[in-house]
Every structure is written in structure tokens, then in C-alpha cells.
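In what follows, a single structure is set out as C-alpha cells and then discussed.
Right, here's the structure in full:
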């Protein structure tokens, strides 16, 4: 999805110095079940506090946010780096200091629907932050997390990957997705 050369796979994507900026960009392709690798860097913002420190996020199917935040040395809550925003805190805080490149490796299984459009299973997610599992086979028991770009009733399995713009200069590199077999 991003190799440093162009933002051609993103709506509203902007590249600067070989990095994809956190501009509120949405993948042009829609995904169902996938593995995602993404590298990100939070800025050094020593005067900022709380959600004002390097805030961004990765939304799966445009609905469920894996939080990005300068959370180095903090408790590890659902609204901090590694958290599934408004759903679950990470098992442990694996956030590195600001300006360090960090990785998310995510296995996502979309919600499933029968022929009549009725949901038969919620979405599931496993998240590694900097190589450590912080969520394993976590069921996502809501239609979306707080402030999701897609917050309508869940009606199908496919959706985009969305990189949140929270007015902080977070940057991304080396983003790729591979399709997975359904659970």
C-alpha cells in the first residue's frame, strides 16, 4: 500500500520526504480478512499532554481504531498506543519513545454476514506492537469505535484502512497488506 514512492493507493494521501503523512487518508482498496504491516513514527512534542502527543490511529474497515500516540512510559490504556480505542487496553505498553520507528502487525478478521445481510460473527483482531502481542484474538463487539470515519450500521464485511489525521505530524512507511483465509 505504501513503499515511500507515491500515495497512489490512498485517497487524500500525501507523501513528504518518502513518508506518508497522517492526513486522514483512506485506502482505495477495500479489505475483508487480512494481515497488515505498518511502520509509524510519533513526533517529539514535550509541551503537549494526553491525546495531544503524536495522536493518530489505524482504522480497520474504517471502523475500529488501533491507537497511535506517544505513550512511552505511560500506563497502557485503551486510548493509548496499542489500545483498541474505547474497547480494550493493550496487555502491556510496548510503545517506544517519540521519534523512534515503531511497528504494528495486525491480523484482522472482518465481521461476517449471512445471505440476508444479518451479522453472524463480530470482527476479530490480533495486534503486535513492536513485535509483542498486545491483543490476541480480540472480538470487536461494536459496530465501530469512538470517532470512526465509518460509523453507520455494519452491513458488509469489506472496508478500507484509514490513517487518522489528529493534527499531529505522525508519519508512516512500509505499509503492506496480505489477504488471509476466513476464520
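Numbering (this note's numbering), first residue to last: -19 to 163.
By construction, the Cβ of each residue, glycine as well, lies at the ideal position given by its N, Cα and C atoms.
From residue i to residue j, what does the alpha carbon distance come to, in whole angstroms?
i           : j           : result
residue 122 : residue 102 : 8 Å
residue 0   : residue 131 : 25 Å
residue 104 : residue 26  : 35 Å
residue 111 : residue 82  : 9 Å
residue -4  : residue 40  : 24 Å
residue 44  : residue 53  : 24 Å
residue 86  : residue 159 : 12 Å
residue 75  : residue 30  : 14 Å
residue 32  : residue 134 : 30 Å
residue 99  : residue 157 : 25 Å
residue 163 : residue -2  : Because the pLDDT of residue 163 is 49, which lies under 50, any placement of that residue in the model is unreliable, and the number read from its coordinates should be weighed accordingly. If you take the alpha carbons of residue 163 and residue -2, they lie about 36 Å apart.
residue 96  : residue 4   : 33 Å
residue 91  : residue 106 : 14 Å
CB-CB under 6 Å to residue i, same chain, minus the five flanking residues each way: which ones, in chain order?
i           : result
residue 36  : 2, 48, 144, 146 and 150
residue 79  : 24
residue 155 : -19, -18 and 18
residue 140 : 6, 7, 10 and 42
For residue i, which residues from the same chain have a beta carbon less than 7 Å from its beta carbon, with the 5 sequence-adjacent residues on both sides left out?
i           : result
residue 56  : 62, 69, 70, 72 and 73
residue 142 : 6, 39, 42 and 129
residue 126 : 65 and 66
residue 50  : 22, 25, 33, 34 and 78
Below 9 Å between beta carbons: does that hold for residue i and residue j?
i           : j           : result
residue 138 : residue 58  : no
residue 18  : residue 152 : yes
residue 15  : residue 88  : yes
residue 84  : residue 109 : yes
In the DSSP assignment, find the beta strand (DSSP E) that holds residue i and state where it starts and stops.
i           : result
residue 86  : 81 to 89
residue 18  : 14 to 21
residue 39  : 36 to 40
residue 119 : 112 to 120
residue 101 : 99 to 101
residue 151 : 151 to 159
Between residue i and the rest of its own chain, which residues show a CB-CB distance below 8 Å, the 5 nearest in sequence each way excluded?
i          : result
residue 60 : 47, 49, 51, 54, 69, 70, 73 and 75
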